[in-house]
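For the numbering used here, add 238 to where a residue sits in the sequence shown, where the first one is 1.
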Amino acid sequence: LGLAEGIEVGHIFKLGTVYSEAMQAHFQDSDGLEKPMVMGCYGIGVSRIVAAAIEQNHDENGIVFPVPLAPFQAVILNLSLKDPVITDAAEALYKELRVAGLDVLLDDRDERPGFKFKDADLIGIPFRITVGKRLTKEGVVELRHRRDGLTEELGVEQIAARVKELVSAALLLE
């Protein structure tokens with residue numbers, strides 16, 4: 239037996255018979271005698287569970303949410319708001335992923351790419367889709383896996399199916 243650190247994610251309180259006596263909540267024991275119920279109170283702290291998950295799933299850049307706990311499964315970064323081709327592609331991809339049943343965040347803030355990359359890593363969304371000038375130059379967008387940093391370069395028409403495949407696989411494994 240050894241010592242280990244832990245975190246309280248839930249608690250149990252024995253309330254005894256105070257409330258059952260006040261509410262006249264009784265039961266009949268094996269001898270036929272009426273007795274007040276002994277009550278307990280149980281609580282699970284949802285925010286504590288999230289804190290415990292973050293404690294176990296983070297790196298120097300921020301949270302690395304497991305897919306089942308992530309507030310969004312993917313984030314789409316529009317890196318060129320002034321380019322209608324890029325903006326239209328990012329918005330169409332967002333709609334396609336939503337129709338596919340995925341929870342997606344579209345980052346269309348007027349910020350520098352570095353801010354968007356850092357924020358995406360910080361909040362821990364499992365998959366980052368970067369739609370930028372490479373779409374117009376090479377016909378590809380980048381899909382980055384937050385957990386291991388793996389990147390894939392795919393045509394915009396391949397992204398939705400690939401993200402759905404990755405999310406489905408993660409939900410089965412995690």
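Virtual Cβ for every residue (Gly too), placed ideally from N, Cα, C.
Between the stretch 357-366 and the stretch 291-310, can you find at least three pairs of beta-carbon atoms closer than 8 Å?
yes
Report the residue from N316, A242, F251 whose alpha carbon sits nearest the alpha carbon of G352.
Position 114 of the sequence shown, counting from 1, holds the residue named residue 352. Comparing C-alpha distances from G352 to each of N316, A242, F251 shows the shortest one belongs to N316.
How big is the Cα-Cα spacing for G248 and I292?
On the sequence shown, residue 248 is found 10 positions in, with the first residue counted as 1. On the sequence shown, residue 292 is found 54 positions in, with the first residue counted as 1. Cα to Cα, G248 sits roughly 16 Å from I292.
Tell me which residues share the same chain as E246 and place their Cβ nearer than 7 Å to its Cβ, disregarding the 5 neighbours each side in the sequence.
Position 8 of the sequence shown holds residue 246. Within the same chain, E246 has close Cβ partners R286.
What does DSSP give as the partner residues of A312 in its beta bridges?
Here residue 312 corresponds to residue number 74 of the sequence shown, with the count starting at 1. Its beta-bridge partners are V342, F365.
Considering only the alpha carbon of each residue, which of E259, C279, I301 lies closest to F251?
Translated into the one-based positions of the sequence shown, residue 251 becomes position 13. Nearest of E259, C279, I301 to F251, Cα basis: C279.
According to DSSP, is G352 helix, strand or coil?
Position 114 of the sequence shown, counted from the start, is the residue given in the question as residue 352. Here G352 sits in helix by DSSP.
Spell out the partners DSSP gives T389 in its beta bridges.
Taking the sequence shown and counting its residues from 1, the one referred to as residue 389 is at position 151. R382.
When burial is assigned at 16 or more other CB atoms within 10 Å of the CB, is G370 buried or exposed?
Translated into positions along the sequence shown, residue 370 becomes position 132. Per the 10 Å Cβ criterion, buried.
Candidates F365, S318, P322, T325: which alpha carbon is nearest L340's?
In the sequence shown, residue 340 corresponds to position 102, counting from 1. Measuring from the Cα of L340, the nearest candidate turns out to be F365.
Which same chain residues end up closer than 8 Å to V342 when comparing Cβ atoms and leaving out the 5 residues on each side of it in sequence?
Here residue 342 is taken as the residue at index 104 of the sequence shown, counted from 1. Taken in chain order, the residues that qualify are F310, Q311, A312, V313, I314, Y332, L335, R336.
Report all residues from its chain with a CB closer than 8 Å to the CB of R400; omit the five preceding and five following residues, and keep chain order.
The sequence position of residue 400 within the sequence shown is 162, counting from 1. Excluding positions up to five away in sequence, the list reads L381, E390, L392.
Assuming A338 and A398 are in contact, meaning their beta carbons sit under 8 Å apart, how far apart are those beta carbons, in whole angstroms?
Indexing the sequence shown from 1 puts residue 338 at position 100. Indexing the sequence shown from 1 puts residue 398 at position 160. Right, their Cβ atoms sit about 6 Å apart.
Return helix, strand or coil for E334, following the three-state DSSP convention.
The residue labelled residue 334 in the question sits at position 96 within the sequence shown. The answer is helix: DSSP assigns E334 an H, G or I state.
According to DSSP, is E272 part of a helix, a strand, or is it coil?
Residue numbering aside, residue 272 sits at position 34 when the sequence shown is read from its first letter. Strand, per DSSP.
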